[in-house]
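Colleague: Residue numbers (the working numbering), protein chains in the order written: chain A, 633 to 940; chain C, 3 to 322.
Where is the CB? At the ideal position from N, CA and C, for every residue including glycine.
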């Protein structure tokens with residue numbers, strides 16, 4: 633918006649000329665930004681190229697940006713292997729359930745902790761915030777999850793820890809802060825309970841916050857591989873998408889399993905193009921979606937970045 | 003105490019007499035709203051804390067954390083005398099310093115350049131492209147890097163071969179990774195980080211910029227004397243907060259790019275990767291926990307220090 637004002641000023645103020653230095657900066661800017669933006673996308677294009685390249689070409693000449701002999705063989709194998717669809721199903725389920733549940737809890741907590749009349753707000757805020765200052769570390773966490781909670785090989789070990797984080801709750805608090813306290817007051821005067829005030833009056837005003845935080849949660853679930861690598865052993869056949877990708881790329885056996893069935897006896901599995909085809913399938917939805925949701929992230933960064 | 007504003011419903015005279023239980027009951031709905039989060043952090047953040055004890059025992063799987071023989075600081079002794087702790091700390095801190103300093107520098111640079119662009123279309127498209135690396139999983143980052151750099155058929159080598167040049171094998175050369183990892187980190191984070199600075203530039207009063215222009219300031223002077231000083235508070239705050247996390251490594255990046263390639267460990271092993279291997283691959287929970295505890299304590303001190311400094315400089319931004 634400030635940008636727009638800037639432009640108007642430039643157009644209206646005819647006396648202001650664009651100087652040589654502006655031209656230089658702008659010229660350098662266009663060149664460097666173009667270069668950097670292309671560098672951000674380039675590695676993806678190579679992966680796309682590789683996924684369509686036949687294995688013999690890869691072995692002889694290395695990976696290609698534009699495949700010499702384009703083939704759909706790798707995609708055919710992954711798609712017919714079927715395991716990737718199960719991973720999709722699992723990841724989509726985790727993402728939807730986790731985002732909705734996490735969002736609900738974060739919104740409630742954020743609202744309650746921002747209520748100026750709530751006597752426990754500072755105590756609970758600190759209780760939550762402290763966990764980001766000091767943590768027990770990986771080993772005690774791992775032992776607790778596996779030996780006390782018995783969550784080894786359970787999807788709950790992936791689902792639960794990603795539900796919320798101190799940072800997301802603080803982000804929500806910052807969004808709630810922008811809502812005038814008078815809204816809560818007016819609800820009270822009308823005799824509404826706290827829950828009713830929250831659901832009927834506050835939640836509708838939190839739509840941008842819900843979009844932003846929901847997207848952070850969804851991205852966390854979609855890209856999850858860490859908890860899976862800790863807690864899901866090979867006994868769990870269907871793994872979340874990114875961890876499945878990790879397995880396929882790093883373990884020959886997993887690569888074979890991912891295309892099991894009609895291809896088991898083949899020794900000439902197109903290893904590299906298969907890995908890349910899996911990578912494309914696992915990442916595709918994000919790449920198509922993110923240009924549309926990008927603005928919510930930008931909103932989130934500017935609200936939550938500096939002020940904790 | 004501070005609840006006078008909101009108590010519209012009960013008569014003000016009754017307020018003083020309310021006991022603790024009565025207050026708790028009165029705010030039961032708000033308490034219930036916080037309950038799931040309170041339980042969550044109890045289960046996943048506070049419950050592991052007693053387990054820190056494992057750092058002080060000779061951990062036996064069959065006996066559990068609290069019945070294994072107590073060995074005092076023996077686990078730490080080994081780590082300190084072998085030089086491992088120092089090496090891990092050095093790697094972690096140096097990488098983070100490079101990430102923080104170069105990362106902020108690049109983010110500011112990109113934000114300023116984007117701000118100078120007049121074509122809205124260009125700005126939008128380039129920003130979207132720069133954002134792409136932020137949205138992908140660290141697993142994919144590892145794959146992208148491998149696909150570019152591996153010796154046998156990586157993209158770089160297929161280009162080098164075509165040009166008749168010798169192949170390059172970074173996966174067997176530890177000395178190149180400090181540079182490579184910094185580049186990869188910047189590649190993934192800069193689009194995201196520049197947004198904060200971009201927003202800060204937007205926040206600079208455009209009348210000041212206009213006034214400077216009328217006074218004859220050229221483009222370089224505008225950046226030097228208006229925009230850069232305008233970004234300074236943001237930079238200082240972000241740097242200080244980053245200092246709080248100086249001993250916390252970017253595990254996902256290192257684990258996915260370097261993985262189990264022990265040839266590269268001398269220059270790429272950070273605290274997180276060491277702890278992960280000790281716990282998950284070697285089941286050496288005592289050692290993993292000692293390093294983890296050491297990291298948590300240093301990390302805690304660093305956050306407190308950085309917050310203390312922020313409070314001195316810019317009280318509005320301090321965390322607590």
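Take residue 163 of chain C as the anchor and find which of A:690, A:853, A:789 has the nearest alpha-carbon.
Modeller: Nearest of A:690, A:853, A:789 to residue 163 of chain C, Cα basis: A:690.
Colleague: What residue range does the alpha helix (DSSP H) around residue 92 of chain C cover?
Modeller: 86 to 118
Colleague: Ordered along the chain, which non-local residues of its own chain (more than five positions away) have a Cβ less than 8 Å from that of residue 798 of chain A?
Modeller: 760, 761, 763, 764
Colleague: Just to check my reading of the structure: residue 255 of chain C and residue 183 of chain C have Cβ atoms closer than 8 Å, yes? What is that Cβ distance to the nearest angstrom?
Modeller: 7 Å
Colleague: Taking the beta carbon of residue 879 of chain A as the centre, do at least 16 other beta carbons fall within 10 Å, making it buried, or is it exposed?
Modeller: buried
Colleague: Taking the alpha-carbon positions, what's the residue 169 of chain C to residue 124 of chain C distance?
Modeller: 37 Å
Colleague: For the structure I just gave you, are there three or more beta carbon pairs, one from the segment 776 to 796 of chain A and one from the segment 717 to 727 of chain A, closer than 8 Å?
Modeller: Touching, yes, given that three or more Cβ pairs across the two stretches are closer than 8 Å.
Colleague: Determine the burial state of residue 729 of chain A: buried for a count of at least 16 other Cβ atoms within 10 Å of its Cβ, exposed for fewer.
Modeller: exposed
Colleague: Just reading off the alpha helix (DSSP H) that residue 215 of chain C is part of, what are its end residues?
Modeller: 208 to 216
Colleague: Report yes or no: do the segment 133 to 147 of chain C and the segment 662 to 677 of chain A share at least 3 C-beta pairs separated by less than 8 Å?
Modeller: Look at the beta carbons and you see the segment 133 to 147 of chain C touching the segment 662 to 677 of chain A: at least three pairs across the two are nearer than 8 Å.
Colleague: With contact counted as at least three CB pairs below 8 Å, one residue from each stretch, are the segment 93 to 107 of chain C and the segment 187 to 199 of chain C in contact?
Modeller: The segment 93 to 107 of chain C vs the segment 187 to 199 of chain C: in contact.
Colleague: Using a Cβ-Cβ cut-off of 8 Å, state whether residue 118 of chain C counts as contacting chain A.
Modeller: Among the residues facing chain A, residue 118 of chain C is included, as its CB has a counterpart in that chain under 8 Å away.
Colleague: In the DSSP assignment, what residue or residues form a beta bridge with residue 685 of chain A?
Modeller: A:702
Colleague: Measure from the C-beta of residue 270 of chain C to each C-beta in chain A and report whether the shortest distance is under 8 Å.
Modeller: Not an interface residue.
Colleague: Can you pull out the residues from the segment 721 to 736 of chain A whose beta carbon lies closer than 8 Å to at least one beta carbon of chain C?
Modeller: none
Colleague: Pop quiz: residue 51 of chain C and residue 768 of chain A are said to be a contact at Cβ under 8 Å. What is the actual Cβ separation, rounded to whole angstroms?
Modeller: 5 Å
Colleague: Taking 8 Å as the limit between beta carbons, can you name the residues of its chain near residue 165 of chain C, skipping five residues before and five after?
Modeller: none
Colleague: Can you list the residues of chain C that residue 904 of chain A reaches, using a CB-CB cut of under 7 Å?
Modeller: 155
Colleague: I need the boundaries of the alpha helix (DSSP H) containing residue 400 of chain C, first residue and last residue.
Modeller: Because chain C is modelled from 3 through 322, residue 400 of chain C falls outside the range shown and cannot be assessed.
Colleague: Short of 9 Å Cβ to Cβ, which residues in the segment 852 to 874 of chain A face chain C?
Modeller: Flagged, chain order: 854, 855, 856, 857, 858, 861, 862, 873, 874.
Colleague: Can residue 198 of chain C and residue 240 of chain C be called in contact, C-beta distance under 8 Å?
Modeller: yes
Colleague: Thinking C-beta only, is residue 46 of chain C closer than 8 Å to residue 766 of chain A?
Modeller: no
Colleague: With 8 Å as the threshold, decide whether the Cβ of residue 297 of chain C is near any Cβ in chain A.
Modeller: yes
Colleague: I need the straight-line Cα distance from residue 306 of chain C to residue 930 of chain A, nearest angstrom please.
Modeller: 28 Å
Colleague: Whole angstroms are fine: how far does the CA of residue 653 of chain A sit from the CA of residue 660 of chain A?
Modeller: 11 Å
Colleague: Leaving out five residues on either side along the sequence, give the residues of the same chain with a beta carbon under 7 Å from the beta carbon of residue 873 of chain A.
Modeller: 719, 720, 723, 914
Colleague: Mind listing the chain A neighbours of residue 281 of chain C? Cutoff is C-beta to C-beta under 8 Å, in chain order.
Modeller: 770, 771, 774
Colleague: In the DSSP assignment, find the unbroken alpha helix (DSSP H) run with residue 258 of chain C in it and report its ends.
Modeller: 253 to 259
Colleague: Would DSSP call residue 15 of chain C helix, strand or coil?
Modeller: For residue 15 of chain C, the predicted structure reports a pLDDT of 49, less than 50, and the residue's modelled location is therefore unreliable. A value from the coordinates is still provided. The answer is helix: DSSP assigns residue 15 of chain C an H, G or I state.
Colleague: For residue 939 of chain A, which of helix, strand or coil comes out of DSSP?
Modeller: For residue 939 of chain A, the predicted model reports a pLDDT of 44, less than 50, meaning its position is unreliable and no value from the coordinates is stated.
Colleague: Would you report the Cα separation of residue 28 of chain C and residue 839 of chain A, rounded to the nearest angstrom?
Modeller: 29 Å
Colleague: Just to confirm my understanding: we take residue 911 of chain A, look at its own chain, exclude 5 residues before and 5 after, and list those with CB closer than 7 Å. What are they?
Modeller: 679, 877
Colleague: Can you tell me whether residue 590 of chain A is helix, strand or coil according to DSSP?
Modeller: Given that chain A is displayed from residue 633 to residue 940, the structure contains no residue 590 of chain A and the question cannot be resolved.
Colleague: Using a Cβ-Cβ distance cut-off of 8 Å, determine whether residue 926 of chain A contacts chain C.
Modeller: yes
Colleague: Cα separation between residue 309 of chain C and residue 743 of chain A?
Modeller: 25 Å
Colleague: Candidates C:266, C:206, C:37: which alpha carbon is nearest residue 181 of chain C's?
Modeller: C:266
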